[in-house]
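Asker:
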Ligand SMILES: Nc1ncnc2c1ncn2[C@@H]1O[C@H](COP(=O)(O)OP(=O)(O)O)[C@@H](O)[C@H]1O
Ligand SMILES: [Mg+2]
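Chains as they are written, first to last, in the numbering used here: chain A, 9 to 252; chain B, 34 to 413.
#1: Counting only runs of 3+ residues fully inside the region 235-297 of chain B, write out the beta strand (DSSP E) ranges in chain order.
#2: Let me have the residue list for ligand 1: C-beta closer than 6 Å to any non-hydrogen atom, ordered along the chain.
#3: For the alpha helix (DSSP H) that residue 380(B) lies in, which residues bound it at each end?
#4: Is any non-hydrogen atom of ligand 2 found closer than 8 Å to the C-beta of residue 200(A), if you look at the structure I gave you?
#5: Does the beta-carbon of residue 208(A), which I'm using as the reference point, lie nearer than 8 Å to any heavy atom of ligand 2?
#6: Quick one: measure Cβ to Cβ for residue 72(B) and residue 286(B), integer angstroms, because I've assumed they're closer than 8 Å.
#7: In this structure, how does DSSP classify residue 219(A) when only helix, strand and coil are distinguished?
#8: For residue 48(A), does the three-state DSSP call read helix, strand or coil?
#9: State whether the region 167-178 of chain B contacts the region 193-213 of chain B, with contact taken as three or more CB pairs (one from each stretch) at a distance under 8 Å.
#10: State yes or no: is the C-beta of residue 56(B) within less than 9 Å of the C-beta of residue 340(B)?
#11: With 9 Å as the threshold, decide whether the Cβ of residue 392(B) is near any Cβ in chain A.
#12: Using a threshold of 9 Å, state whether the C-beta atoms of residue 204(A) and residue 41(A) are closer than that.
#13: Can you check whether the CB of residue 398(B) is closer than 9 Å to the CB of residue 318(B)?
#14: Do you know how far the Cα of residue 95(A) is from the Cα of residue 87(A)?
#15: Considering only their Cβ atoms, is the gap separating residue 93(A) from residue 322(B) smaller than 9 Å?
#16: So who's on the other strand from residue 154(B), going by DSSP bridges?
#17: Just to make sure I have the definition right: I need the residues of chain A whose C-beta is within less than 7 Å of the C-beta of residue 406(B). Which are they?
#18: Can you find the residues in the same chain that come closer than 6 Å, C-beta to C-beta, to residue 43(A), ignoring five residues on each side of it along the sequence?
#19: Look at the alpha carbon of residue 263(B) and the alpha carbon of residue 375(B), and state the distance between them as a whole number of angstroms.
#20: Quick check: what's the CA-CA separation for residue 242(A) versus residue 143(A)?
#21: Between residue 145(A) and chain B, is the shortest Cβ-Cβ distance under 9 Å, so that the two count as touching?
#22: Just by C-beta distance, which residues in the region 327-360 of chain B are closer than 7 Å to chain A?
#23: Could you give the residue range of the alpha helix (DSSP H) that holds residue 90(B)?
#24: Ligand 2 and residue 146(A): does the residue's C-beta get closer than 8 Å to at least one heavy atom of that ligand?
#25: Quick one: grab the DSSP three-state call for residue 362(B).
#26: Consult DSSP for residue 310(B) and reduce its assignment to one of helix, strand or coil.
#27: Nearest to residue 75(A) by alpha carbon, out of 97(A), 39(A), 52(A), 233(A)?
#28: Using the beta-carbon count (16 or more within 10 Å), is residue 227(B) buried or exposed?
#29: Kindly identify the DSSP beta-bridge partner or partners of residue 141(B).
#30: Answer yes if the region 294-304 of chain B comes into contact with the region 50-61 of chain A, meaning at least three C-beta pairs across the two stretches below 8 Å, and no otherwise.
#31: Would you give the residue range spanned by the alpha helix (DSSP H) that residue 97(A) belongs to?
#32: Along chain B, which residues have their Cβ under 8 Å away from the Cβ of residue 97(A)?
#33: Between residue 386(B) and chain A, is there a C-beta pair that is closer than 9 Å?
#34: Could you tell me the boundaries of the beta strand (DSSP E) in which residue 205(A) lies?
#35: Compare the C-alpha of residue 209(B) against each of 75(B), 386(B), 330(B), 315(B) and name the closest.
#36: Thinking just about the alpha-carbon of each residue, which of 240(B), 247(B), 215(B), 195(B) is nearest to the one in residue 224(B)?
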């Protein structure tokens, strides 16, 4: 059984009298440890799919089961609890809480879990270390660069040890160099910490870092023929650019 | 539950200017609220005290201002013969202002010995013996002393009166603390009053189980044949009827109190609505991280509650401080209402702030918790 099982998933929106179908009968399995990239032009429904996986939006029909839990059936309150324990969300614009320091931002999800304060501190420190920002713990978001903010956002998404981390255009608002650093970071998290990642991007170069590459087109998901050599070569490509 | 407290406090601190303005606005309104409440309490005390219920005041019929009531002093003897009457104290009243005033000075002249037993006065400084021995001696109520800045040993002059302060007293009846007592004769012989053998009123104390109203009518009945007809009422009724114009005004001030509560509600609700609208996206982010909608609701309620309590606490504290140290009173025709602080007032002030804080948060909190996460996140 796959970690994430998506079946017959459909979602429509009515926009000014016209109904659009960003997702039509989508089926998708994501395995534990996968790094999935989801590509497609802007407005095709990529974010919508991430939001459904995260349980912050409801589908018109279909089911999403994550590690045996049918997310699409949970109430709003239960979904929040489920997200706190099982889901990390990396936003395009980091969306850090401006009045909290980097440390406090990362700590936020752990406050929602039944952890001891020692365990909480340990996890926050590890997460900050994983994104290379231990020395910025006391800084406020406005005192950091865009790349640093995004890394805090990533630390916040992984601190609760979620089963799935979703990222919506995580490099979308960064310059090339910073974007490369974030790509390397995501790849390391996937490889070294075995974090299951679903990343949306409209940039085909960015999508190369993933081990499985998908395209969303006209409400359907197509997986690129991804034998493993392909995945390796693309990640090498990233490492090269990242090393410049 | 309390893990997000620091987030809440920092959120309030983030908009310091807005927070300060809202808190000061709420503070001013709660200040007025407590002040109005204190006047109301003062008025209620005038009638609800045991003293006010069980003591009768005999006044000249159809007279109001103390200067116009002139009863023979020896009515006291005749009143004391009526069954149920324990004790009669003749009182001469002098006031600097017969109309409603905030700076009223009222002198009561009474036989010093009787004063000691009839009214429950406690000297906080000075001595009774000096009060009895000196003709122009006066003991001053704590409130007047504060307001006029008087101490034992001071000379105090007002109008044609010239007295020596020989003591400051406190009383469990706050209105008493607005009075200055002198000997009866001293006041009777004051220039302008010219009332040797006459007094303003008689204060009648009753025996344990006597019916006040019954005795009041027997007094008026008994004195009908005398040179001056009388009207006898319970002290409470006498005081409220004397202050009837003020009583109406104070009753109206009730609405001022309600208006203040409404003001705080509007002010804090507006601020909270603004704070929430500023942060629709932030609340959506919190929910994405895993904060339950109900918790977001509570966070917003907590914010508005804190604003309101901060303002309410400041305003109530300021009002109580001024009431404690200001010695304020309002009065007319020789009767005064004391503005006193009270625990009850403090509790009401804080409770009202808390309730208003919660009410003010309900609409914005609902908005914060109900806005669909995705819609909020899609905002720029
Ligand atoms: N809450 C919504 N209400 C109406 N239309 C929406 C809503 N969310 C998304 N859409 C529309 O659905 C389509 C897919 O949106 P989205 O998933 O954000 O696309 P992508 O992330 O691929 O750019 C777009 O046309 C968008 O305008
Ligand atoms: Mg998108």
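Glycine residues also receive a C-beta, built at the ideal position from the N, C-alpha and C atoms.
Answerer: For this structure:
#1: Fully enclosed beta strand (DSSP E) runs of 3 or longer: 263-267.
#2: Look at which beta carbons fall closer than 6 Å to any heavy atom of ligand 1; those residues are 21(A), 23(A), 28(A), 30(A), 48(A), 50(A), 51(A), 52(A), 53(A), 54(A), 55(A), 56(A), 407(B), 408(B).
#3: Membership of residue 380(B) in the alpha helix (DSSP H) is indicated by the continuous run 376-403.
#4: Between ligand 2 and the CB of residue 200(A), the shortest heavy atom gap is not smaller than 8 Å.
#5: At least one heavy atom of ligand 2 lies closer than 8 Å to the C-beta of residue 208(A).
#6: A Cβ-Cβ separation of about 6 Å places residue 72(B) in contact with residue 286(B) under the 8 Å criterion.
#7: Here residue 219(A) sits in coil by DSSP.
#8: Here residue 48(A) sits in coil by DSSP.
#9: Contact holds: three or more Cβ-Cβ distances are below 8 Å.
#10: The answer is yes: Cβ separation under 9 Å.
#11: So, not an interface residue.
#12: Yes, they are a contact pair.
#13: Cβ distance not < 9 Å, so residue 318(B) and residue 398(B) don't count as in contact.
#14: Those two C-alpha atoms are separated by around 10 Å.
#15: No, Cβ-Cβ distance for residue 322(B) and residue 93(A) is not below 9 Å.
#16: Residue 154(B) is bridged to 204(B).
#17: Proximity of chain A to residue 406(B) at the Cβ level (cut-off 7 Å) is accounted for by 64, in chain order.
#18: Spatial neighbours of residue 43(A) in its own chain (CB-CB distance under 6 Å, excluding positions within 5 residues in sequence) are listed in chain order as 198, 205, 218, 219.
#19: Taking the straight line joining both Cα atoms gives about 37 Å.
#20: In this predicted model, residue 242(A) has a pLDDT of only 39, less than 50, meaning its place in the structure is not dependable enough to derive any value.
#21: No, residue 145(A) lies away from the interface with chain B (no Cβ there is under 9 Å from its Cβ).
#22: Those would be 327, in chain order.
#23: No alpha helix (DSSP H) holds residue 90(B); the beta strand (DSSP E) holding it covers 88-93.
#24: Every heavy atom of ligand 2 is 8 Å or more from the Cβ of residue 146(A), so no.
#25: Under the three-state reduction of DSSP output, residue 362(B) falls in the strand class.
#26: Of the three classes helix, strand and coil, the one that applies to residue 310(B) here is helix, per DSSP.
#27: For residue 75(A), the nearest C-alpha among the options comes from 39(A).
#28: Taking all protein chains in view, the Cβ of residue 227(B) is surrounded by fewer than 16 other Cβ atoms within 10 Å, so the residue is classified as exposed.
#29: For residue 141(B), DSSP records a beta bridge to 126(B), 214(B).
#30: Three or more Cβ pairs closer than 8 Å define a contact, and the region 50-61 of chain A falls short of that threshold against the region 294-304 of chain B.
#31: Premise fails: residue 97(A) lies in the beta strand (DSSP E), 95-98, not in any alpha helix (DSSP H).
#32: 321, 322, listed in chain order.
#33: Taking Cβ atoms only, chain A never reaches closer than 9 Å to residue 386(B), which makes this a no.
#34: For residue 205(A), the uninterrupted beta strand (DSSP E) run begins and ends at 204-208, by DSSP.
#35: Nearest to residue 209(B) by C-alpha distance, out of 75(B), 386(B), 330(B), 315(B), is 75(B).
#36: Of 240(B), 247(B), 215(B), 195(B), the residue nearest in Cα terms is 195(B).
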